[in-house]
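S.K.:
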Amino acid sequence: MATSVSVTTDQAYQQCLAPDCGATFDVGEVLTACPRCGSLLDVAYDWDRIGPPESLRWFEQKWARRNEPLCRSGVWRFYELLPFAPPEKIVTIGEGQTPLHVTDGVGRYIGLHAGKLLLQYEGMNPSGSFKDNGMTAAFTHARTIGARRAACASTGNTSASLALYCCASRLMQAVIFIGSGKISYGKLSQALDYGALTIQIAGDFDDAMQRVREVSEQLGIYLVNSVNPFRLEGQKTIMYRVLESLGWDVPDWIVVPGGNLGNSSAFGKAFHELHELGLIDRVPRLAVINAAGANTLHQLYNKEQIRWNDGRPDSAGVARYYAQLDSAASKADTIASAIEINRPVNLTKCLRALHWCDGVVREATDQQILDAKAQVGLSGFGCEPASAASVAGAKLLREEGVIAPSDRVVCILTGHQLKDPTATVAYHTTDQDEFNRVLGKRGVSRAAFANRAVKVDNDLDEIVRAIQLNS
Ligand code: F0G
């Protein structure tokens with residue numbers, strides 16, 4: 023293996039993940055599914071020709087070159103592990119400057135020994151969520167093929183990220199599809215502020231996802247949802263940064279919320295590739311956590327026992343499950359609006375990731391998610407509800423004994439605390455009507471860790487007394 027890597031893009035290609043098909047396509051083609059069999063596509067590399075670095079420590083040389091945008095970016099400093107585009111085409115806005123923190127308060131809540139729980143704060147990205155890791159990659163690919171418009175369906179974070187890359191780079195127009203009443207104001211405000219053409223359809227995320235695929239096809243608009251294989255290449259780097267922060271040691275567990283299942287799919291690919299390349303000697307276990315109100319993966323994995331099965335998962339079983347959802351007119355419903363998704367587009371890839379990483383799947387109720395979120399907030403930085411599913415899920419797995427107290431566990435906090443202030447304020451409020459309006463209808467009955475505002479008259483003595491009483 024080489025110690026310095028020079029890359030040309032003919033060393034990357036797209037490949038159908040179905041083993042019975044396995045068709046390959048040039049990276050210059052714009053595809054969101056295999057044209058032959060309809061399966062998802064991977065970006066694959068001819069590693070023998072690329073000659074990847076011989077150790078992950080090789081990447082440390084880039085730290086001294088942080089004045090160069092591609093070394094500063096937490097995605098592109100790992101360029102040699104996702105070399106699908108020429109460096110001069112890369113669009114970066116400084117994504118991926120995200121910290122990994124030992125957080126003992128949350129660790130105690132989960133039931134882990136001191137020093138064993140780490141939170142990866144992807145909310146610190148430019149648009150406030152992990153999506154920027156993938157967007158810089160998809161956007162770069164869009165630029166290489168000369169796209170002028172890019173579209174996505176979104177529960178809010180993908181759209182905020184796309185809108186930001188479009189307006190910051192001025193290279194493309196953003197067209198975003200959202201479900202009506204299904205997006206938090208924090209996220210909607212970003213898309214509107216960044217000038218995205220915003221199409222609000224009467225329906226939910228699953229409806230919007232179906233429509234954006236049709237419209238993109240019809241109008242030739244570049245689609246950046248996570249069916250886009252290039253996006254997931256960017257999201258692999260979240261795991262590279264986790265390893266980097268741990269001195270290249272592999273943790274025991276990665277715990278991540280599951281919505282459209284792009285992240286979990288990307289993480290599995292990241293570890294599988296590193297292992298195949300001999301850059302790590304073991305892979306961590308992966309836990310994917312659904313919200314109980316949007317629990318397709320949990321149902322299929324734990325109840326129907328559907329598995330990757332060497333690339334031949336039981337597609338009839340999956341179809342049966344979706345038919346049941348349709349006949350019951352069942353819609354996803356959770357306070358964790360970012361993962362309010364019933365038809366995860368990356369299901370098959372996620373099954374593969376679970377196979378590669380000896381994975382488990384759990385569901386967390388809105389009550390568990392909000393209590394976990396309050397614990398994250400108390401420990402600093404904070405997160406939006408969907409992100410806290412990772413912490414709630416880790417706690418469940420610890421209680422079951424699947425995670426041991428001595429295991430080193432990394433929970434991914436996918437989005438910033440300010441993305442969805444409505445849920446946070448409702449949890450902490452003293453106003454029972456407000457609590458019921460936002461949370462009660464979702465089965466949340468108590469706010470065990472509420473930090474309630476103290477109401478006082480506009481009177482100096484009263485205010486002083488209130489502070490003395492409460493501090
Ligand atoms: N956490 C947050 C904050 C998200 O915004 C999302 C997905 C997820 C977790 C789930 O990640 O899809 O990779 O399993 N949000 C998408 C969006 C769907 O449109 O912003 P996943």
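Quick note: the sequence shown uses the working numbering, first residue 23, plus one each step. We treat Cβ as the ideally placed atom computed from N, Cα and C, and that holds for glycine. These figures come from a predicted structure and were not determined experimentally.
I'd like to know whether the C-beta atoms of Gly10 and Val249 end up nearer to each other than 7 Å.
M.R.: A query on residue 10 cannot be resolved here, the shown segment of the chain reaching from 23 to 493 and no further.
S.K.: Would you give the residue range spanned by the alpha helix (DSSP H) that Gln327 belongs to?
M.R.: Locating residue 327 in the sequence shown gives position 305, counting from the first residue. Run containing Gln327: none; DSSP gives neither H nor E here.
S.K.: Which term fits Arg468, buried or exposed, when burial requires 16 or more other beta carbons within 10 angstroms of its beta carbon?
M.R.: The residue you call residue 468 lines up with position 446 of the sequence shown. That one is exposed.
S.K.: What did DSSP end up calling Val197 once you bin it into helix, strand or coil?
M.R.: What you label residue 197 is simply residue 175 of the sequence shown in a count that begins at 1. Strand.
S.K.: Mind checking whether Val278 and Arg304 have CB atoms under 7 Å apart?
M.R.: Locating residue 278 in the sequence shown gives position 256, where the first residue counts as 1. Locating residue 304 in the sequence shown gives position 282, where the first residue counts as 1. No, Cβ-Cβ distance for Val278 and Arg304 is not below 7 Å.
S.K.: At what residues does the beta strand (DSSP E) containing Cys433 begin and finish?
M.R.: Residue numbering aside, residue 433 sits at position 411 when the sequence shown is read from its first letter. Note, Cys433: beta strand (DSSP E), 431-435.
S.K.: Expressed to the nearest angstrom, what Euclidean distance is found between the alpha-carbon atoms of Tyr216 and Met157?
M.R.: Residue mapping note: residue 216 aligns to position 194 of the sequence shown, counting from 1. Residue mapping note: residue 157 aligns to position 135 of the sequence shown, counting from 1. Roughly 15 Å separates the two Cα atoms.
S.K.: My understanding is that Ala360 touches Asn179, with C-beta atoms under 8 Å, so please give their C-beta distance in whole angstroms.
M.R.: As a working mapping, residue 360 is identified with position 338 in the sequence shown. As a working mapping, residue 179 is identified with position 157 in the sequence shown. Yes, Ala360 and Asn179 are in contact; Cβ-Cβ is about 6 Å, under 8 Å.
S.K.: Skipping 5 residues on each side, what residues in its chain have a beta carbon closer than 8 Å to that of Thr25?
M.R.: As a position in the sequence shown, residue 25 is number 3, starting the count at 1. In this predicted model, Thr25 has a pLDDT of only 37, less than 50, meaning its place in the structure is not dependable; the value taken from the coordinates is given anyway. Hits under 8 Å: Pro75, Glu76, Trp80.
S.K.: First and last residue of the beta strand (DSSP E) that includes Pro547?
M.R.: With the chain covering only 23 through 493, there is no way to say anything about residue 547.
S.K.: Should Tyr559 be labelled buried (16 or more other beta-carbon atoms within 10 Å of its own) or exposed?
M.R.: In this structure the chain extends from 23 to 493, so residue 559 is not present and cannot be described.
S.K.: Can you tell me which of the three DSSP states Ile485 falls into?
M.R.: In the sequence shown, counting from the first residue as 1, residue 485 sits at position 463. Helix.
S.K.: Closer than 8 Å is the cut-off here; do at least three beta carbon pairs connect the region 217-235 with the region 253-266?
M.R.: Cβ pair count under 8 Å is below three, so no.
S.K.: Pairing CB atoms from the region 82-94 with CB atoms from the region 106-118, are three or more of them under 8 Å?
M.R.: yes
S.K.: Could you give the first and the last residue of the continuous beta strand (DSSP E) run that contains Tyr344?
M.R.: Taking the first residue of the sequence shown as position 1, residue 344 is located at position 322. From DSSP, Tyr344 is part of no beta strand (DSSP E) but of the alpha helix (DSSP H) over 337-349.
S.K.: In chain order, what are the residue ranges of uninterrupted alpha helix (DSSP H) at least 4 long that sit wholly in the region 167-219?
M.R.: 179-191, 207-215
S.K.: For Gly404, which residues of its own chain have a beta-carbon under 7 Å away from its beta-carbon, when the five flanking residues on both sides are left out?
M.R.: Counting from one through the sequence shown, the residue named residue 404 turns up at place 382. So the qualifying residues of the chain are Val398, Gln439.
S.K.: Within 10 angstroms of the Cβ of Val431, are there 16 or more other Cβ atoms? Answer buried if so, exposed if not.
M.R.: Here residue 431 refers to the residue found at position 409 when the sequence shown is read from its first residue. Counting Cβ neighbours within 10 Å, Val431 comes out buried, since at least 16 surround it.
S.K.: Buried or exposed: which applies to Arg420, given that a residue is buried once 16 or more other Cβ atoms fall within 10 Å of its Cβ?
M.R.: The count along the sequence shown starts at 1 and reaches residue 420 at position 398. It counts as buried.
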